[in-house]
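Report on the structure given below.
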Amino acid sequence: MEHRLDPWLILAVVGLLGASLPTLHSVSRVVGTNLLLRQSLWGITGLLILWLMSLVRLDIYERLATVLYGAGLAGLIAVLLFGVARGGNRAWIALGPITVQPSEFARISTILLAAAWIAHRSARNLRIHHAATTAAIVAFPVLLIILEPDMGVALTYVPILIAALWLGGLPRIVWVLLIICALIGATITWHYALKPYQKERIRTVVDPDRDPFGAGYQVRQSKIAVGSGGLSGHGLGQGSQSQLRFLPAQHTDFAFAVWAEATGFVGTTLLLLAYALLLARIANVALTTESRYGVVLVVLVGAWLTFQVVVNLGMVLGWLPTTGVTLPLFSYGGSSLISTCAALGVVQAVWRYRLVNQ
Amino acid sequence: MKLREDIGPLRRRTVVIFLLVFTALGLIHLRLVHLQLAHGAQWRNLAENNRLRRLPLPGPRGWIYDRRGEVLAENVPSWELLLFPDEATNLDETGLFLASEGITETKTFRELLAERRTGRQAPLVVGENLTWNQVAAVHSHQGDHPELSVVSRFRRHYPFASLAAHAVGHLRPISKAQVEANPDLEPDLMIGATGIEADQNAFLAGSSGERWMMVSAVGRQLGVVRETLPTSGHDLGSALDMRLQRAAAAALGDRSGGIVALDPRNGAVRVLYSSPSFDPAVFGGRLSRSDWQTLQEDPEHPLQNRCLQGVYPPGSTIKPFLALGGLNEGLIDEHTTVYCNGSIVLYGHRFRCWRRGGHGFVDLERALAESCDVYFYLLGQKLGIEGIARWLQLFGFGSKTGLDPPFESAGLIGTPEWSRRVRKTPWYPGEVVSVSIGQGPLLVTVVQLAQAFALLANGGHPVRPYLVPEDSEIPAPLEINPRYLERVKAALVEVVHGDHGTARRLSALPMAGKTGTAQVARLQEGVAADELASHLRHHAWFVGWAPLDKPEIVVAVIVEHGGDGSGSAAPVAGKVIEAYLGLGQEDNTIETSDVEAPTAGPFPSAEGG
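Chains Z and C supply the protein sequences, listed in that same order. Under the working numbering, the letters of the first sequence match residues 393 to 750, in that order. Under the working numbering, the letters of the second sequence match residues 157 to 765, in that order.
Below you can see the structure in the form of structure tokens.
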């Protein structure tokens with residue numbers, strides 16, 4: 393009998409969680425909360441949600457896309473009105489004992505609607521106003537998230553838009569124009585929108601030694617942690633970088649550095665293989681489904697997850713500036729973990745859809 | 157089927173996207189090869205030479221001055237030794253090193269580690285007030301003990317030591333509960349424990365800063381990662397007058413007791429001295445606990461503030477207030493005369509006057525000047541216990557004066573209702589007789605008596621005693637007939653200046669007042685008061701004011717087990733008043749500000765001589 397859930401994808405998810413939990417536990421003392429217990433509960437909930445989301449038929453997602461998108465926007469507006477501020481961002485809403493980050497969930501509904509919109513454009517290339525509509529679908533939630541402000545999460549919407557436009561098809565000349573616009577936009581942003589500390593973060597990527605105790609501090613410490621792991625690492629709970637609190641945000645943004653310090657090249661390779669397996673299985677779903685909607689949906693999820701993995705690891709390894717993008721399925725955080733699992737559940741719904749006799 | 161036809165371009169574009177995805181993952185893996193395999197040893201070397209420390213920077217506390225600008229509390233530089241426990245390889249070895257250098261005893265060190273609060277990166281203060289030799293010893297062993305760091309900080313210092321210990325107060329380490337309640341507070345913070353230090357803690361305390369710095373494997377500072385600077389607290393001028401305080405302490409000598417002097421015009425407390433006192437330097441640190449344990453176990457209770465916390469029967473010093481009550485209620489007038497033959501039988505008991513032979517015929521003035529007990533037995537009986545309680549409450553007895561509310565006692569005015577509720581025994585009618593001469597269930601503090609006499613001295617205006625000036629409402633004058641007030645004041649002048657006054661040995665000074673002798677134990681027949689064991693002897697009181705025409709200072713003195721008021725307490729008060737008057741007129745005017753530049757000269761009166 394064909395499996396209803398992809399066992400390889402589940403293996404990758406469980407493997408990543410299995411690496412994440414002991415890593416978080418090893419820094420619990422440093423961070424000062426019991427991360428293991430909370431993240432274990434979120435992990436179990438996440439797997440449950442993954443399974444539940446996979447049970448829903450694909451055409452139901454398609455039909456509900458607009459409603460869910462509206463609900464996502466409503467959540468983002470609600471967080472601006474009644475949100476709980478944490479460290480300067482008003483990104484969380486308190487629901488009883490737990491706090492929820494609506495921007496993590498609005499992303500799934502944005503993907504559902506953008507995919508539906510693209511899948512129904514049957515022409516070879518998108519017309520300009522169709523492309524503009526796609527951009528608008530992504531832009532509304534992004535603008536609301538920028539108001540929070542939570543740049544890390546807002547950035548994760550960018551690959552969704554790019555992948556959607558790519559799948560929908562744009563003439564080459566439009567891509568060239570878009571790249572030129574992006575460059576101009578980046579220049580303007582650099583000169584007028586970025587705060588001095590944000591500029592310093594970008595400068596230190598180019599020149600890592602320019603301010604080792606200031607803006608370059610986090611990345612430098614992260615590189616020391618990763619590099620000192622060597623081939624086989626110090627062992628969990630042993631590395632001086634994580635245990636002596638050199639590393640900032642070691643349970644969230646820099647969780648990978650803790651793992652790298654503890655398990656060395658062997659561990660980081662295994663972890664990368666797990667992400668590769670996960671993305672390969674997502675690619676497999678995208679390339680085998682017969683549904684246009686299914687393809688777009690799965691590719692958008694894959695683009696988003698890849699973006700987060702690449703941007704987070706790029707930051708930890710000193711290639712990209714620090715942005716606050718977390719590592720999916722590995723960094724501490726309930727909302728992020730649940731929303732990632734829910735998105736993978738949607739991927740599995742597409743996987744199951746091939747069993748539906750057409 | 158349309159769907160199948162349409163999916164072709166989507167598939168091709170999907171393949172492109174996933175090619176990009178796997179290229180990115182491959183590049184990341186190459187980066188890991190570079191960082192972890194090719195250069196792993198270099199990074200490992202850096203990691204081992206890498207220490208990040210958070211150094212709390214305490215905000216300096218404000219200084220405390222007396223009214224003439226003399227320093228009561230200051231900060232002096234001190235070497236402190238910090239331990240960063242996370243960096244230690246073997247804490248037992250660190251403990252041995254500290255013990256061998258005489259910096260911290262092993263037992264104290266273990267207690268410090270056990271009390272350590274996790275969750276916040278704060279170093280432990282394991283050594284204070286280090287000597288140069290100890291600093292040198294730590295520096296020379298820095299390579300073995302990179303977890304130790306000598307820092308220059310401030311220590312609280314009280315230049316007058318035991319002389320102003322109770323008034324100024326001292327510091328204590330902040331409690332664990334307070335740190336937990338407010339995570340912004342540093343665990344090694346010192347806060348005010350008693351006196352002005354506690355009362356004005358919020359004003360005096362600075363706010364802490366912190367410095368994150370990178371240090372090498374041998375504890376050398378490499379660079380500051382970030383820093384928030386501390387802010388200092390405010391300096392504070394108190395109403396105390398150390399010259400008077402010194403005179404008061406000298407007059408009391410090594411006897412136990414308390415002295416309060418205040419300005420009856422505004423309530424400014426000039427003297428607050430409790431004996432025996434202690435050296436607040438004992439509390440200056442966090443580590444020397446054994447020293448203050450001996451203080452706490454001292455049978456003389458040096459930590460107790462006898463001016464504020466000690467409660468005593470007021471004895472005859474209460475009589476002027478009962479006299480005022482009697483006059484105002486019309487129960488007596490200045491001509492009412494009583495015959496005293498040395499004792500009187502009331503409620504079936506014989507109550508004695510202190511003078512065995514009796515005073516003969518006494519009117520109000522003689523009754524106060526010579527302190528006739530029989531006169532007041534009868535007056536107290538007329539007023540009744542409720543009347544007595546009402547009048548005494550009016551003068552501030554039985555409630556806190558507000559000088560230092562968390563620490564001071566309210567005293568006690570025994571009433572039948574109190575007896576039922578608290579003492580759980582019935583009220584004996586005869587007790588009113590004891591209360592009317594300031595014995596029995598009637599307890600006051602020294603500062604309450606000073607406050608009440610200030611009201612007599614200034615003509616009926618209640619004052620609130622204070623050590624630190626603050627804005628507060630001026631209480632309304634009491635509704636007492638000024639004529640009665642003048643009668644009682646005149647009688648208290650007679651106490652000092654009359655031929656038979658109980659404090660006539662002070663008649664050289666322009667002062668008035670009232671002596672008091674408070675029984676500690678009931679006298680057995682045939683035993684003279686001065687033959688009692690020292691801890692059973694009477695407490696001696698004197699409360700008075702000077703100068704006579706415009707009173708500027710009220711002095712209240714208790715000498716514990718000092719015998720009788722005229723013999724032991726009155727001379728002490730006389731010395732304080734003499735010192736005050738010796739300071740000269742221009743020094744004693746009320747200043748607009750209570751702090752002024754130190755005059756730092758001899759007494760102004762020396763100019764004339």
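Backbone N, C-alpha and C fix where the C-beta goes; we use that ideal spot for every residue, glycine too. No experiment lies behind these values; they were computed from the predicted model shown.
Through-space distance from residue j to residue i, alpha-carbon basis
i: C:Glu243; j: Z:Gly629; result: 15 Å
i: C:Pro470; j: C:Val307; result: 52 Å
i: C:Arg312; j: C:His301; result: 28 Å
i: C:Cys496; j: C:Val518; result: 7 Å
i: C:His185; j: Z:Trp484; result: 34 Å
i: Z:Ser432; j: Z:Leu442; result: 15 Å
i: Z:Leu553; j: C:Leu239; result: 53 Å
i: C:Leu345; j: C:Ile259; result: 20 Å
i: C:Glu230; j: C:Gly218; result: 8 Å
i: C:Glu226; j: C:Val589; result: 48 Å
i: C:Leu400; j: C:Val416; result: 10 Å
i: C:Thr648; j: C:His717; result: It should be pointed out that residue 648 of chain C corresponds to Leu in this sequence rather than to Thr. Spanning the two alpha carbons is a distance of roughly 24 Å.
Strand pairing of residue i, partner residues [DSSP]
i: C:Ile163; result: According to DSSP, C:Ile163 bridges with nothing at all.
i: C:Gln604; result: For C:Gln604, which the question treats as bridged, DSSP gives no partner whatsoever.
i: C:Leu213; result: C:Gly365
i: C:Lys670; result: C:Val699
i: C:Arg311; result: C:Val232
i: C:Trp288; result: Paired residue(s): none; C:Trp288 is not in a bridge.
i: C:Leu208; result: C:Met370
Reduced DSSP category for residue i - H, G, I as helix; E, B as strand; rest coil
i: Z:Gln431; result: helix
i: C:Leu392; result: strand
i: Z:Ala741; result: helix
i: C:Ser565; result: coil
i: C:Glu236; result: strand
i: Z:Ile573; result: The sequence given here has Cys at residue 573 of chain Z, not Ile. In this structure, Z:Cys573 counts as helix in the three-state DSSP scheme.
i: Z:Trp558; result: helix
i: C:Ser431; result: strand
i: C:Pro415; result: Before going on, a small fix: residue 415 of chain C reads as Ile here, not Pro. Of the three classes helix, strand and coil, the one that applies to C:Ile415 here is strand, per DSSP.
i: C:Pro339; result: coil
i: C:Cys496; result: strand
i: C:Pro329; result: strand
i: C:Asn246; result: coil
i: C:Tyr640; result: helix
i: Z:Asn481; result: strand
Chain-ordered chain C contacts of residue i [CB-CB under 8 Å]
i: Z:Ile571; result: The contacting residues do not exist; Z:Ile571 stays about 15 Å from chain C at best.
i: Z:Thr661; result: His185, Leu188
i: Z:Trp711; result: Arg187
i: Z:Lys615; result: Leu191, Trp199
i: Z:Phe657; result: Leu188, Val189, Gln192, Leu193, Gly196
i: Z:Tyr667; result: Leu181
i: Z:Leu671; result: Phe174, Val177, Phe178, Leu181
Within chain Z, the residues that residue i reaches when beta carbons sit closer than 9 Å
i: C:Gln460; result: By Cβ distance, chain Z contributes nothing, its closest Cβ being about 42 Å from C:Gln460, past 9 Å.
Within chain B, partners of residue i - CB distance below 8 Å
i: C:Pro241; result: The question asks about chain B, but that chain is absent: this structure's protein chains are Z and C.
Interface partners of residue i on chain C, CB under 7 Å
i: Z:Tyr609; result: Val381
i: Z:Phe722; result: Result: empty, since nearest Cβ-Cβ is about 14 Å, beyond 7 Å.
i: Z:Ala457; result: Those within 7 Å of Z:Ala457 in chain C number zero; the least Cβ separation is about 18 Å.
i: Z:Ser418; result: Here the premise fails: no neighbours, minimum Cβ distance about 15 Å.
i: Z:Ser634; result: Going along chain C, no residue has its Cβ under 7 Å from Z:Ser634, so there is no contact; the nearest lies around 10 Å.
Under 9 Å from the C-beta of residue i: neighbouring residues of chain C
i: Z:Leu679; result: Arg167, Thr170, Val171, Phe174
i: Z:Leu755; result: No information on residue 755 of chain Z is available, as it lies outside the stretch 393 to 750 that chain Z covers here.
i: Z:Gly726; result: The contacting residues do not exist; Z:Gly726 stays about 21 Å from chain C at best.
Chain-ordered neighbours of residue i on chain Z, where CB pairs are closer than 8 Å
i: C:Leu360; result: What C:Leu360 touches in chain Z: nothing, since even the nearest Cβ is about 31 Å away.
i: C:His195; result: Gly619
Query raised in the report: What are the residues of the region 546-562 of chain Z that lie near chain C, defined by any Cβ-Cβ distance shorter than 7 Å?
Result: Ala555, Trp558, Leu559, Gly561
Query raised in the report: Can you list, in chain order, the residues of the region 202-224 of chain C whose Cβ is nearer than 9 Å to any Cβ on chain Z?
Result: In summary, the residues of the region 202-224 of chain C whose CB is separated from some CB of chain Z by less than 9 Å are Leu202, Ala203, Glu204, Asn206, Arg207, Leu208, Arg210, in the order they occur in the chain.
Query raised in the report: Quick one, which residues of the region 160-177 of chain C are near chain Z if we go by CB-CB under 9 Å, in chain order?
Result: For the region 160-177 of chain C, the set of residues with a beta-carbon nearer than 9 Å to any beta-carbon of chain Z comprises Arg160, Asp162, Ile163, Pro165, Leu166, Arg167, Arg169, Thr170, Val171, Val172, Ile173, Phe174, Leu176, Val177, in chain order.
Report task. Anything in the region 500-525 of chain Z with a Cβ closer than 8 Å to a Cβ of chain C? List those residues in chain order, please. Result -> Ser514, Arg516
Query raised in the report: Can you list, in chain order, the residues of the region 680-706 of chain Z whose Cβ is nearer than 8 Å to any Cβ on chain C?
Result: Cβ contacts with chain C come from Glu682, Ser683, Arg684, Val687, Val688, Val691, Gly694, Ala695, Thr698, Val701, Val702, Leu705, Gly706.
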